[in-house]
Amino acid sequence: MAEICTAKEAVSRIRDGMSIMVGGFLNVGTPEGLVQALVEKGVIKLTLISNDTGFVGKGIGRLQDNRQLARVYTSYVGGHPDYSQCMESSNVEVVLTPQGTLAEQIRAAGAGLGGFLTPTGVGTVAAQGKEEIIIGDKAYLMEYPLFADVALIKAYQADTSGNLVYRRCAKNFNPLMATAAKIVIAEVEEILPVGKIDPDYVMTPGIFVDFLVKEGR
16 MAEICTAKEA VSRIRDGMSI MVGGFLNVGT PEGLVQALVE KGVIKLTLIS NDTGFVGKGI
76 GRLQDNRQLA RVYTSYVGGH PDYSQCMESS NVEVVLTPQG TLAEQIRAAG AGLGGFLTPT
136 GVGTVAAQGK EEIIIGDKAY LMEYPLFADV ALIKAYQADT SGNLVYRRCA KNFNPLMATA
196 AKIVIAEVEE ILPVGKIDPD YVMTPGIFVD FLVKEGR
């Protein structure tokens, strides 16, 4: 059974230097309350794994505003102007990855895979420093799983056992990240008793979820 707590209590497990995944897609489906609690906690030197880097003053972008990041794995930095400067100055290490590859790296971690091959990025800057493998007459890049210490995710409903239901764009990276971290903290709109959620709607089984935070708590 997942532990129900406040956002502040949940992020108390996050310490300097940890790696975190944060769900969402350009702030849609992002666990805003958990991000705010993490900003207030002030931990630093974090490694962030996310689809994008958010916007100035919004969502994940607040972690960069507050200078809490040391490294970022992402597919898009255009929403936050700081990151282009960071890439030039090396204040924050930014690893840009094609979106599909990033999603598969997270999925591979959750599935226990050692890696996977993809043709995406062959012959581009995305291939720099990566192993290229030829199968038949086609070139592939070897990509490796991305695993995190903590995943901060957003769902619509949960039951007290931690089973999660997502809506709309929150179905993007959140379910993947729930499988690929040592500790999973889910911010949800509603917490229901066990048996009140139709099993057909559950996308993340409760076995993956450690802590539940009701939105606004």
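According to my numbering, the sequence shown is numbered sequentially starting from 16.
From the three backbone atoms N, C-alpha and C, an ideal C-beta is built for every residue, glycine too.
Check: Which whole-angstrom value is the C-beta distance of Glu108 and Ala85, which I expect to be below 8 Å?
Finding: Contact holds; Cβ gap of about 7 Å.
Margin query: Rounded to whole angstroms, what is the Cα-Cα separation between Thr194 and Ile149?
Written below: If you draw a straight line from the Cα of Thr194 to the Cα of Ile149, it comes to about 30 Å.
Notebook entry, point to check: Starting from Leu117 and walking both ways along the alpha helix (DSSP H), at which residues does that stretch end?
Noted result: Per DSSP, Leu117 is one residue of the alpha helix (DSSP H) stretching across Gln114 to Ala126.
Next item on the list: Following the continuous alpha helix (DSSP H) through Leu49, name the residue where it begins and the one where it ends.
Entry: From DSSP, the alpha helix (DSSP H) with Leu49 extends over Glu47 to Lys56.
Item checked: Residues that DSSP places opposite Tyr91 in a beta bridge -> For Tyr91, which the question treats as bridged, DSSP gives the partners Asp67.
Notebook entry, point to check: Near Val110, which residues of its chain fall below 8 Å by C-beta distance, leaving aside the five closest residues on each side in sequence?
Noted result: Closer than 8 Å at Cβ, skipping near neighbours: Arg86, Val87, Tyr88 and Thr89.
Next item on the list: Specify, as a first and last residue, the run of the beta strand (DSSP E) that Asp80 falls within.
Entry: Where Asp80 is concerned, there is no enclosing beta strand (DSSP E), although the alpha helix (DSSP H) it sits in stretches over Gly76 to Asp80.
Margin query: I'd like to know whether the C-beta atoms of Ala154 and Ala201 end up nearer to each other than 9 Å.
Written below: Not closer than 9 Å, so no.
Margin query: Tell me whether the stretch 115-135 and the stretch 161-170 touch, counting them as touching only if at least three CB pairs, one residue from each stretch, are closer than 8 Å.
Written below: In short, these stretches touch, since the Cβ pair count reaches three.
Notebook entry, point to check: Under a three-way DSSP split, which group does Lys6 fall into?
Noted result: Outside the displayed span of the chain (16 to 232) sits residue 6, for which this structure offers no information.
Notebook entry, point to check: If Phe188 and Asn66 are in contact, beta carbons under 8 Å, what's the gap, nearest whole angstrom?
Noted result: With 8 Å as the limit, Phe188 and Asn66 qualify as a contact, their Cβ atoms being about 5 Å apart.
Notebook entry, point to check: Just checking, does the stretch 27-42 make contact with the stretch 208-222 on the three C-beta pairs under 8 Å criterion?
Noted result: Judged by Cβ distances under 8 Å, the stretch 27-42 makes no contact with the stretch 208-222, as fewer than three pairs qualify.
Check: Which value, in whole angstroms, describes the spacing of the CA atoms of Val165 and Met36?
Finding: Cα to Cα, Val165 sits roughly 6 Å from Met36.
Next item on the list: Could you tell me which residues DSSP pairs with Glu158 in its beta bridges?
Entry: The partner list for Glu158 (beta bridge, DSSP) reads Phe131.
Notebook entry, point to check: Cβ of Gly136 less than 9 Å from any chain D Cβ?
Noted result: This model lacks chain D altogether, as it is built from one protein chain only.
Notebook entry, point to check: Taking the alpha carbon of Lys48 as the point to measure from, which residue in Ser27, Ile64 and Ala22 has its own alpha carbon closest?
Noted result: The sequence shown places Gly at residue 48, not Lys. Residue Ala22 is the option with its Cα nearest to Gly48.
Checklist line | Outcome for Gln143 when other beta-carbon atoms lying within 10 angstroms are tallied against a minimum of 16 | finding: Taking all protein chains shown into account, Gln143 has fewer than 16 neighbouring C-beta atoms within 10 Å of its C-beta and is therefore exposed.
Notebook entry, point to check: In whole angstroms, what separates the C-alpha of Leu191 from that of Pro208?
Noted result: Just so you know, the alpha carbons of Leu191 and Pro208 end up roughly 24 Å apart.
Next item on the list: Return helix, strand or coil for Met16, following the three-state DSSP convention.
Entry: Of the three classes helix, strand and coil, the one that applies to Met16 here is coil, per DSSP.
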